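>
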């Protein structure tokens, strides 16, 4: 029965602490064969006056936003064509790569690139997975199926997709997209 004790500065809200406990539980379970109910996480909160580093009292840094919530909100904004809202979620140096190795850095490029391929696309999500890479970025994978209409108005659905996002400092910096659109369209 693994037990994790964590000391943090006071000031994190219940959602941040819940996310932290879940992430620590998952980190243990990727190494040890323990079911979630066998992993105990205890957070000990300290007042800023009771903590000093470098001869200075410190306060808690703000929690990062949940990367899955950020990615879901971004994808919803893109589907609704709320481009300004989606753009506000992108970090410096943002890039996206679509099937065929097509790399873009602006959302308007994506809209122009997609126009001759389909009228619109919606996503049905089967799941989201988040993990922290060895570097600064949190990685979010989402997977599911695509539905929509081809340029001639013919509907399509059930096309598999997977997207991989990198989230750095609470902003999306990379999106990689894989899907079976070309295989499906070629078969019709």
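Numbering (my numbering), first residue to last: 3 to 190.
By construction, the Cβ of each residue, glycine as well, lies at the ideal position given by its N, Cα and C atoms.
As the structure is a computational prediction, the values presented were derived from the model and not from experiment.
In this structure, how does DSSP classify residue 41 when only helix, strand and coil are distinguished?
Along the chain shown, one-based indexing puts residue 41 at 39. Coil at residue 41, not helix or strand.
> In chain order, which beta strand (DSSP E) runs of at least 3 residues are fully inside the region 95-137?
If we require 3 residues or more, the beta strand (DSSP E) runs fully inside the region 95-137 come out as 104-106, 122-134.
> So does the region 3-19 actually touch the region 62-70, counting three or more Cβ pairs closer than 8 Å?
The answer is yes - the region 62-70 touches the region 3-19, with three or more Cβ pairs under 8 Å.
> With a threshold of 8 Å on Cβ separation, who are the neighbours of residue 39 within its own chain once the five nearest residues in sequence on each side are excluded?
On the chain shown, residue 39 is found 37 positions in, with the first residue counted as 1. Counting only Cβ-Cβ distances below 8 Å, and skipping sequence neighbours, we find nothing.
> How is residue 184 classed by DSSP in three states: helix, strand or coil?
Translated into the one-based positions of the chain shown, residue 184 becomes position 182. It is helical.
> Taking the alpha-carbon of residue 20 as reference, which of 42, 156, 96 has the nearest alpha-carbon?
Walking along the chain shown from the start, residue 20 turns up at place 18. When only C-alpha atoms are compared, the closest one is 42.
> Could you check whether the region 172-188 touches the region 90-100, counting it as contact only if at least three pairs of C-beta atoms, one from each stretch, sit closer than 8 Å?
Short answer: they touch.
> Which parts of the region 46-84 are runs of the alpha helix (DSSP H), unbroken and 4 residues or longer, counting only runs that do not cross its ends?
Correct list: 69-81.
> Taking the runs of the alpha helix (DSSP H) that are 4 residues or longer, which of them lie wholly in the region 3-38?
Within the region 3-38, the complete alpha helix (DSSP H) runs of at least 4 residues are 16-31.
> Looking only at its chain, what residues have a beta carbon closer than 6 Å to the beta carbon of residue 149, apart from the 5 residues adjacent to it on each side?
Numbered from its first residue, the chain shown carries residue 149 at position 147. Excluding positions up to five away in sequence, the list reads 124, 159.
> Taking 8 Å as the threshold (C-beta atoms), are residue 153 and residue 121 in contact?
What you label residue 121 is simply residue 119 of the chain shown in a count that begins at 1. What you label residue 153 is simply residue 151 of the chain shown in a count that begins at 1. Taking 8 Å as the Cβ cut-off, residue 121 and residue 153 qualify as a contacting pair.
> Nearest to residue 74 by alpha carbon, out of 4, 157, 143, 179?
Taking the first residue of the chain shown as position 1, residue 74 is located at position 72. Minimum Cα distance to residue 74 is reached at 143.
> Which residue comes first and which comes last in the beta strand (DSSP E) that contains residue 147?
Indexing the chain shown from 1 puts residue 147 at position 145. That run of the beta strand (DSSP E) goes 140-151.
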